[in-house]
Every structure is written in structure tokens, then in C-alpha cells.
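Accompanying notes for the structure given below.
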Amino acid sequence: MLEYIKNLPKAELHLHIEGTLEPELMFKLAKKNGIEIPYKNINELKKAYNFSNLQDFLDIYYAGTRVLITKQDFYDLAWAYVEKCVENNIVHTEIFFDPQSHTKRGIDFKTIILGINEALNDAYKKHNITSKIILCFLRHLSEEDAFVVLEEALKYRDLIVGIGLDSSEIGNPPSKFKNVFKKAKDLGFKLVAHAGEEAGESYIYEALDILKVDRIDHGVQCFNSKELMKRLKIEQIPLTVCPNSNIELKVFDCYENHNIKKLLDYGLNVTINSDDPAYFKGYLNENFFNAYKHLNLSKEDIKKLITNSFKASFIDDSLKNHYLNLIK
Ligand code: ADE
Ligand code: ZN
């Protein structure tokens, strides 16, 4: 079964490029750029990857981004992920980036987007891997700040397929970003938002009804509401679920209690993704392996999850059909 999972071509729809920064590259870039890391070595850093909740993780994740300075650094970060795509047989990926975590440190938007984009272009040239870029607003910052980033993004409109919302969820509901999402929609961007990762179902309702998103990132808290479950099933709203992340951030106390199999069996449009794989013990295949091992996923379940990912992606129908035929 592990070979079966490995060999299937897969799509990934929920992946923060900053969350692919492996400790080795972090130390290398820190040395090159003269940035101090508050850990003596890689082992000490890895020991700090022991999180009680989302905020615990975000504090370390944002600290890690400080080593990224030049366009080449962003290229190297994205290229390292492309190599993981090859290993994991990910043939299409839609990656998030958090420009505000860099522009707040004085890095130009241009440096970030061009570095990432160049690596993704090379991914297509060398490995035939297709990709899209989604810009995420940091929800702990203001809507005004998000408007500034959106304005900046318009200079690179062709490189960015969609707008997302991430960072500290509780206390920063989707409704806080109502106006900027409305503008992004009018500009023709696809829309996604993290909702129902830690916070309750009202955040998922807001993402759907106020932000009008095309997909929900995480969304696992929907399980607490029969009414919402029914709606997600009828409307077939894609949920980009990240099992390893949910375990590492204690959204579920153990893998056996993760609800992805129940969501799938109920008929929801769920997908499997890796979120921040450098921090959450493994890339996409590891997420599938764990879900399979602990939740008794069948071959049909795996195929359904992968099919859902391609169908929920932001690629055009002919490429979608090409990928769906590969799985058949
Ligand atoms: N940024 C990176 N990973 C995230 C997650 N799992 N939730 C919210 N914001 C994030
Ligand atoms: Zn995420």
C-alpha cells in the first residue's frame, strides 16, 4: 500500500513555502546572511519543534523566516521543495507564501515573488511539475495592511492565482477581511482561507458567506455542526486537510482520533496536504502513510482523496483531465 501511495501522481493544495524551510537550509542561510539563530545547532533547533498549539508553532515559524533575504534565498527555498515534489510524486502544487512576514523585515515584495516564481518555472522545465502561487494575508495584522499587500501584488498579477488567509486564527475571524477579499474577488483572484483549524464552525461560515472562498483550508472543526456538515456535502466545498499538522499542533490528541476518514465517509470533498512539512515531520507521502496506517484508509479512499485534490485545484479543465486520466 505504501508503494501504491508513493507511485500515484498527486496534487498538493495547502503548502506554505516558508513551512518547507528545513533546519539545514535555515542554518546555511543564517551563516551566509549573518543572521543569529537562537539555537546552537540543528539538533537543538529540532528539539524546539514541540508545539502545544498553532501560536506556539507560528512564533518559531516566523522567527525562521528571518534568514530569507535575497531572491536566491527564496529560489533555494522553493527549489528544495520542488525536489521534495519529485520524491513524493507531486505533479501539481499550489503554494502559499506570506509576503508580510518578509516585507515587515524590509524585504521587497519583488525579491520574494520572483525568487519563488523562478524556481517554479524551473520545476516545470526540468520535471514537468505544474504549479500556482497563492498570496496569504496574515490575519493577526490589520485589513489595512492587507490592502497594501494586495496593491503590491497587482504588479505581479499574472504570477498569482489566488488570495488566502493564514496565521493566528482565534480572535481574527474571516469577517475582519471582508472588504479586501471583496476587492480581490472583483480583481478575479481565486479565494481561500484557513478556517476551522482551531476556531469553531462560525469561522467556516464566515469564510463561505462573507469572504466567498472557493476552498476552506483545514476546516476540520466542521464536524461539530451537523448543519455545516450537510452544507459542505451538498455544495462539495473542498477542504484542504493537513493530518500531520493537526497532530503536531494538538488539534487532535492522536492520529486515531483524527476525523478525516469520517469526513470522507460522510461524503465531504476532502483532500490531504502537508501544510508546513519541515516542521511537521514529513512531506505529502508521510501524511498519506500516517492517515492510511492509523485510520484504515482503503485503496479507494486514497484514490478518492487524490482525485478530489486535482478536481479542487485552480488549473484549467484540460490539464485537470490530463491528471485525472493518469490516476485512472
Ligand atoms: N501559517 C503556516 N502554517 C499555518 C497554519 N497551519 N495555520 C495558520 N497559519 C499558518
Ligand atoms: Zn496552513
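Residue numbers are given in the UniProt record's numbering: position 84 of the sequence shown equals residue 84, and the series is strictly consecutive.
Each residue gets a CB set at the ideal place from its N, CA and C atoms; glycine is no exception.
| Check | Outcome |
| --- | --- |
| For Cys136, name the three-state secondary structure that DSSP assigns. | strand |
| Would you please state the rounded distance, in angstroms, between the beta carbons of His194 and Glu235? I believe it to be under 8 Å. | Actually they are not in contact, since the Cβ atoms of His194 and Glu235 sit about 19 Å apart, beyond 8 Å. |
| Quick one: what does DSSP say Ala80 is sitting in, helix, strand or coil? | helix |
| Quick one: does the C-beta of Asp186 sit closer than 7 Å to a heavy atom of the ligand ZN? | no |
| Out of Val270, His127, Ile69 and Lys299, which one is the CA nearest neighbour of Phe223? | Val270 |
| Tell me which residues share the same chain as Leu191 and place their Cβ nearer than 7 Å to its Cβ, disregarding the 5 neighbours each side in the sequence. | Gly162, Ile163, Phe181, Ala184, Lys185, Leu211, Lys212, Val213 and Asp214 |
| In angstroms, rounded to a whole number, what distance separates the CA positions of Glu144 and Leu150? | 10 Å |
| Is Asp108 close to the ligand ADE? I mean its beta-carbon at under 7 Å from any heavy atom of the ligand. | no |
| Go ahead and pull the three-state DSSP assignment for Ala193. | strand |
| Quick one: does the C-beta of Asp56 sit closer than 7 Å to a heavy atom of the ligand ZN? | no |
| On the DSSP bridge assignment, give the partners of Glu94 in chain order. | Lys132 |
| Quick test of your reading: Val82 and Ala123, contact by CB under 8 Å. State the CB separation rounded to the nearest angstrom. | 4 Å |
| Thinking C-alpha only, which one of Asn7, Lys28, Ile60 and Ala11 is nearest Leu305? | Ala11 |
| In terms of alpha-carbon separation, which member of Tyr255, Ser245, Asn321 and Phe310 lies closest to Asn53? | Ser245 |
| Please confirm if the region 264-280 is in contact with the region 55-75, defined as three or more CB-CB distances below 8 Å between the two stretches. | yes |
| Going by the beta-carbon positions, is the gap between Leu228 and Ile247 smaller than 8 Å? | no |
| What three-state label does DSSP hand Asp301 in the structure shown? | helix |
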